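Visitor: Numbering-wise, the sequence shown is residues 91 to 696 according to the numbering used here.
By construction, the Cβ of each residue, glycine as well, lies at the ideal position given by its N, Cα and C atoms.
This one's a predicted model, so the numbers in the text were calculated from it and none came from an experiment.
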Amino acid sequence: MPDRRTARATAAAHDRAPLLRLWAYAAGHRARVVLATVMSVLNTAADLAPPFLIGVAVDVVTRQGGSVVSAWTGVTDLRSQLYVVAAGTVAVWVFESLTDYAADVLWRNLAQTIEHEARVETYEHVQSLDLAAFEDRSTGGLLSVLNDDVNQLERFLDRGAHEILHVVTSVLLIGGAFVYLSPAIGLVSFLPMPVIVWGTWRFQRHLEPRYAAVRARVGDLNATLNNNLGGIATIKAFGAERREAARVAEGSDRYQRANRHAIRLSAAFVPVIRMAILAAFTAIIVVGGIQTLDGRLEVGEYSVMVLVVQRLLWPLTRIGETLDLYQRAMASVRRLLDLLAEQPTLRSGSTHLPSPRGHLRFEGVRFAYPSAPDLEVLHGIDIDVPAGQTHAVVGATGAGKSTIVKLLLRFYDVTGGRVTIDGHDVRELDTADLRGATALVAQDVFLFHGTVRDNLVYGQPDADAADVEEAARAAEAHGFILALPQGYDTLVGERGQKLSGGQRQRLSIARAVLRDPAVLLLDEATSAVDNETEAAIQRSLARISEHRTSLVIAHRLSTIRHADRIHVLAEGEVVESGTHDELVAHEGTYAALWRVQTGELEPEPR
């Protein structure tokens, strides 16, 4: 099988036609495509045979002995000739049924295979993209590509490809037969072809941008639906149901209008083609009939032409539906392959980290997000976290605290300076090794729809029951887990909505503990819980931080007062560093924050 990356690179060429890009993408399935194509051609040939056999039968009964059958087989008895025709008819119908089955199975299985591979590969590719790639892209838009566009491609391969081959084969075979039987009638039958070809080309040119607009509108609609379903509690809390329903209706209406715009044009295709077919059909009846009356054309041949002309011309009326399916599929192919062509800018390094100790350093780190390159968030910060120590980073909202964690995990690359772990620049490390040495407990805990156990073992899938329970106890989560209806097998709901904020946070800590990382990253882990839960989390954090490096991003200073060292961040710079007692005595920024949080000083209004 050809290299998938080579096929993808070829398919990525934006200046190529979508069908050529699809052909390049499906390079590994070309043998199956050829086989399916052969079956479709043979099926069409067998489907066209009955009218010719009827013409042969008419020839037998009208020429009384000098028929085609006698010339080809040497059989002179008329009844025997009819038996030969009947046997040929049976054979043709059986062959037509077998090839129809084979073509149907081949095309449909091919469609299912490519649909599966495209969806899985696109999802894997989306996972490989940088976080910056998601800043200006909605989740609903990505879902539209992964579901709607992939399904649209499957529908075209399932039905449209066979239909196109059927029409092309019919035109070639019947047109050739007409030219052989009567060049004049063959010429008449092909007179509407330029009109049909021109009309098809014109319709295709005008339909392409309309279906691109349809795909864009369905992406916008999916984004709205995805956001609203994710924020259903907020919608209900603010009584915004009618407003959001109106917003969905507006998005659906835009999608409907885009579809109507395309339908208006695609629906006009069949009537135009029908008129061209009518002209050819009428001409064949008249011209062929006159030639038969004049004795220049046999009755059997005339019968074949009258019967088979519909097999030549009427399938062309379905070209409109097939063209409609084709244009929708090509719009989807373009969106799908454009997404696959988007490459991550952050490449994994090659240096491995087999036994990480957890010594972290931020050396003159400067950073600006790709979406705002002129707005620097960090201005040359220096932080040294020796292995096994707990360091905290505090500061006002927007100071750049969480950005430090993102740079350490290499969700983004620094724009100046460097971040190291055990002396290795994180940009040089194998990404799997880097992230395998860390575990993150975030403020916004994400739990997957599944059981408590499923979520706890997410970072350590092969953990046994004893290890899971030990991690839960360390995070002070074991007690409330046992109180759940099915204990560790209780479903937590989407994003853990069946649990309280504190419960979700403790599960997140247990999940990190179970991974047993060299570096524990805590990003505002207690900012959204009550005092009692915070105290429980602090106790568990104190236990799990022993003998491992911990970097704590905190807003609540009570969480980090016992840290080995605290770094105070203000407007992207480290303005103070020291222990809790040293910083309080220093009477600087940290001391002011401490007095505000302990109630000794009211915060200044902003």
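Specify whether the segment 494-513 and the segment 668-683 touch according to this definition: at least 3 beta carbon pairs, one from each stretch, less than 8 Å apart.
Guide: Too few Cβ pairs lie closer than 8 Å, so no.
Visitor: How would you label Val124, buried or exposed, when you count the other beta carbons within 10 angstroms and need 16 or more for buried?
Guide: Counting Cβ neighbours within 10 Å, Val124 comes out exposed, since fewer than 16 surround it.
Visitor: If you run the structure through DSSP and keep just helix, strand and coil, what is Asp384?
Guide: Coil at Asp384, not helix or strand.
Visitor: Take Leu110 as the anchor and find which of Glu391, Glu186, Phe293, Ala419 has the nearest alpha-carbon.
Guide: The residue with the shortest Cα to Cα distance from Leu110 is Ala419.
Visitor: Using C-beta distances below 6 Å, list every residue in its chain close to His539, excluding the 5 sequence neighbours before and after it, in chain order.
Guide: Here the set comprises Glu584.
Visitor: State yes or no: is the C-beta of Val495 within less than 7 Å of the C-beta of Asp613?
Guide: The answer is yes: Cβ separation under 7 Å.
Visitor: Ignore the nearest five residues each way along the sequence and tell me which others in Ala681's own chain have a CB closer than 6 Å to its CB.
Guide: Contacts found: Val674.
Visitor: Would you call the segment 476-484 in contact with the segment 642-654, where contact means no fewer than 3 C-beta pairs closer than 8 Å?
Guide: Yes, the segment 476-484 touches the segment 642-654.
Visitor: Would you tell me roughly how many angstroms separate the C-alpha atoms of Phe280 and Val389, rounded to the nearest one?
Guide: Straight-line Cα distance between these residues: approximately 22 Å.
Visitor: Pick out whichever of Val377, Asn133, Asp137, His351 has its Cα sitting closest to the Cα of Ala274.
Guide: It is Val377.
Visitor: I'd like to know whether the C-beta atoms of Ser228 and Ala313 end up nearer to each other than 7 Å.
Guide: Closer than 7 Å, so yes.
Visitor: Is the beta carbon of Arg198 closer than 7 Å to that of Asp248?
Guide: Going by C-beta atoms, Asp248 is nearer than 7 Å to Arg198.
Visitor: Nearest to Ile375 by CA position, among Arg307, Gly321, Ser234, Gly276, is which residue?
Guide: Nearest option by C-alpha distance: Gly276.
Visitor: Within the 7 Å Cβ cut-off, does Ala458 reach chain D?
Guide: No chain D appears in the structure shown, which is made up of a single protein chain.
Visitor: What did DSSP end up calling Pro693 once you bin it into helix, strand or coil?
Guide: Low confidence applies here, because Pro693 scores a pLDDT of 48, under 50, leaving its location unreliable and the question unanswered by this model.
Visitor: Given that a residue counts as buried once 16 or more other Cβ atoms are within 10 Å of its Cβ, and exposed if not, what is Lys491?
Guide: Burial call: buried.
Visitor: Just to confirm the assignment, what range does the alpha helix (DSSP H) spanning Ala564 have?
Guide: From DSSP, the alpha helix (DSSP H) with Ala564 extends over 555-564.
Visitor: Which residues in the same chain have their Cβ closer than 8 Å to the Cβ of Arg413, if we skip the five residues on either side of it in sequence?
Guide: Residue 413 is actually Leu in this sequence, not Arg. Closer than 8 Å at Cβ, skipping near neighbours: Thr290, Phe293, Gln294, Leu297, Ser356, Phe359.
Visitor: Taking just the CA atoms, how far does Thr179 sit from Leu168?
Guide: Taking the straight line from one Cα to the other gives about 17 Å.
Visitor: Do you know offhand how far Ile571's Cα is from Ser130's?
Guide: The alpha-carbon atoms of Ile571 and Ser130 are separated by roughly 60 Å.
Visitor: Buried or exposed: where does Asn545 fall if 16 or more other Cβ atoms within 10 Å of its Cβ makes it buried?
Guide: That one is buried.
Visitor: In three-state DSSP terms, what is Arg456?
Guide: Here Arg456 sits in strand by DSSP.
Visitor: Quick one: grab the DSSP three-state call for Ile650.
Guide: Correct three-state label for Ile650: coil.
Visitor: Return the residue from the list Thr163, Leu450, Ala302 that minimises the CA-CA distance to Gly478.
Guide: Of the candidates Thr163, Leu450, Ala302, the one whose C-alpha sits nearest the C-alpha of Gly478 is Leu450.
Visitor: Could you give the distance in angstroms between the alpha-carbon of Arg601 and the alpha-carbon of Gly569?
Guide: In a straight line, the C-alpha of Arg601 is about 16 Å away from that of Gly569.
Visitor: Go through its chain and collect everything with a Cβ distance to Arg633's Cβ below 7 Å, but skip five positions before and after it.
Guide: Ala564.
Visitor: In whole angstroms, what is the alpha-carbon distance linking Ala366 and Tyr191?
Guide: Roughly 32 Å separates the two Cα atoms.
Visitor: Give me the Cα-Cα distance between Met395 and Ser272, rounded to the nearest whole angstrom.
Guide: Those two C-alpha atoms are separated by around 9 Å.
Visitor: Whose CA, out of Glu466, Ala462, Val235, lies closest to the CA of Arg456?
Guide: For Arg456, the nearest C-alpha among the options comes from Glu466.
Visitor: When DSSP labels each residue in this structure, what does Ser640 get in the three-state scheme?
Guide: Looking at Ser640 - three-state DSSP - the assignment turns out to be strand.
Visitor: Just to confirm, is the Cβ distance from Arg307 to Arg337 under 7 Å?
Guide: Not in contact: Arg307 and Arg337 (Cβ atoms no closer than 7 Å).
Visitor: Using the beta-carbon count (16 or more within 10 Å), is Thr324 buried or exposed?
Guide: Per the 10 Å Cβ criterion, exposed.
Visitor: Answer yes or no: do Thr528 and Val609 have a C-beta to C-beta separation smaller than 7 Å?
Guide: Their beta carbons are under 7 Å apart, which means Thr528 touches Val609 by this criterion.
Visitor: Taking the alpha-carbon positions, what's the Gln595 to Tyr301 distance?
Guide: The straight-line gap from Cα to Cα measures roughly 45 Å.
Visitor: Can you look up Glu225 in the DSSP assignment and give me helix, strand or coil?
Guide: In this structure, Glu225 counts as coil in the three-state DSSP scheme.
Visitor: Just verifying my parser: in three-state terms, what is the DSSP assignment at Glu663?
Guide: Here Glu663 sits in strand by DSSP.
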